[in-house]
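One structure is given below, encoded as structure tokens.
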Amino acid sequence: MQTDDMNIYNFLIAVLQFAFVLALVFAFYWTVDRRRNAASRARIARSETLGKLLEKFSSGQEAAEFLKSPEGHSLLDDHPRRASRTNLLTLGVVQAGVVFLFVGLGSYLNAYLLRNETDLNYIREVKEIQFWGTLAIAIGAGLLFTAFLTRFLVRRWGLNGEKNAPVH
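563 is the number that the numbering used here gives the last residue of the sequence shown; the numbers go up by one with no jumps.
Quick look at the structure:
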């Protein structure tokens with residue numbers, strides 16, 4: 396009877412893990428979709444506003460003169476600053492690196508809590524947890540190093556669009 400209970404327990408754990416992964420995928424998709432929809436709505440509202448403004452002018456020449464004026468430039472340039480693709484990708488790598496570091500540290504904490512167990516299965520489990528914790532920490536540190544190196548090189552080579560960036 397003990398093995399039947401363990402099989403049911405392992406099955407329930409697997410089902411819960413699968414449900415958790417599905418929930419994470421759904422949450423990620425939902426967040427990306429909401430961000431994309433909000434950006435799309437903002438672009439549509441901005442174009443409608445500019446269209447209504449241009450309808451107010453009696454001729455195309457008046458509209459062109461207004462758009463050449465400092466007020467017209469500020470209206471056309473008055474949109475929220477968007478982060479560059481490089482910055483967004485670097486930020487994503489930093490976030491993944493921090494997550495991996497914390498997963499590794501959590502694994503080490505779990506192995507530390509099991510350190511006093513004398514059962515051979517727990518001893519093997521501690522070694523396995525330490526292995527996966529070490530791997531997660533190494534991946535996290537590698538991702539963070541890669542992100543900081545990328546950021547350094549992008550600035551050094553002037554690839555981030557800054558006007559005064561040195562080019563070597």
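Idealized CB from N, CA, C, for every residue including glycine.
**Prompt:** If you drop the 5 nearest sequence neighbours on each side, which residues of the same chain put their C-beta closer than 6 Å to that of LEU495?
**Reply:** Taking the sequence shown and counting its residues from 1, the one referred to as residue 495 is at position 100. The sequence as given places Phe at residue 495; Leu does not occur at that position. Excluding residues within five positions, the ones whose Cβ falls inside 6 Å are ALA531, ILE534 and GLY535.
**Prompt:** Is the beta carbon of ASN509 less than 8 Å from the beta carbon of TYR503?
**Reply:** The residue you call residue 509 lines up with position 114 of the sequence shown. The residue you call residue 503 lines up with position 108 of the sequence shown. Position check: residue 509 holds Leu in this sequence, whereas Asn was assumed. No, they are not a contact pair.
**Residue of ASN402, ASP514, GLY499 and VAL521 minimising C-alpha distance to TYR507** = Residue mapping note: residue 507 aligns to position 112 of the sequence shown, counting from 1. When each option's Cα is compared against that of TYR507, the closest is VAL521.
**Prompt:** Which stretch, first to last residue, makes up the alpha helix (DSSP H) that contains ALA481?
**Reply:** In the sequence shown, residue 481 corresponds to position 86, counting from 1. A small correction: the amino acid at residue 481 is Thr; Ala does not occupy that position in the sequence shown. 480-508 is the span of the alpha helix (DSSP H), which, as asked, contains THR481.
**Asked** How about LEU538 and ALA491: are their beta carbons less than 8 Å apart?
**Response** Here residue 538 refers to the residue found at position 143 of the sequence shown. Here residue 491 refers to the residue found at position 96 of the sequence shown. Yes, these two residues count as a Cβ contact at 8 Å.
**Message:** Just verifying my parser: in three-state terms, what is the DSSP assignment at ASN367?
**Reply:** This structure cannot settle anything about residue 367, because the visible part of the chain is limited to 396 through 563.
**Endpoints, alpha helix (DSSP H) assigned at PHE461** = Against the sequence shown, residue 461 aligns to sequence position 66. 455-463 is the extent of the alpha helix (DSSP H) around PHE461.
**Best match in LEU407, THR513 and LEU486 for proximity to PHE540 [C-alpha to C-alpha]** = As a first step, residue 540 must be located in the sequence shown, where it is residue number 145. Ranked by Cα distance from PHE540, the first of LEU407, THR513 and LEU486 is LEU486.
**Prompt:** Does the beta-carbon of ILE524 have 16 or more other beta-carbons within 10 angstroms, so that it is buried, or is it exposed?
**Reply:** Position 129 of the sequence shown holds residue 524. Buried is the call here.
**Asked** Under 8 Å between the Cβ atoms of ALA434 and VAL488?
**Response** By one-based count along the sequence shown, residue 434 stands at place 39. By one-based count along the sequence shown, residue 488 stands at place 93. In this structure, VAL488 does not lie closer than 8 Å to ALA434 by Cβ.
**Request:** Would you kindly work out how many angstroms separate the C-alpha atoms of THR398 and ASN405, rounded to a whole number?
**Result:** In the sequence shown, the residue the question calls residue 398 occupies position 3. In the sequence shown, the residue the question calls residue 405 occupies position 10. Spanning the two alpha carbons is a distance of roughly 10 Å.
**Request:** Pick helix, strand or coil for THR541, following the three-state DSSP scheme.
**Result:** Working through the sequence shown from its first residue, we reach residue 541 at position 146. It is helical.
**Prompt:** If you drop the 5 nearest sequence neighbours on each side, which residues of the same chain put their C-beta closer than 8 Å to that of THR481?
**Reply:** Looking up residue 481 in the sequence shown gives position 86. So the list reads THR545, VAL549, LEU554 and ASN555, once near-sequence residues are dropped.
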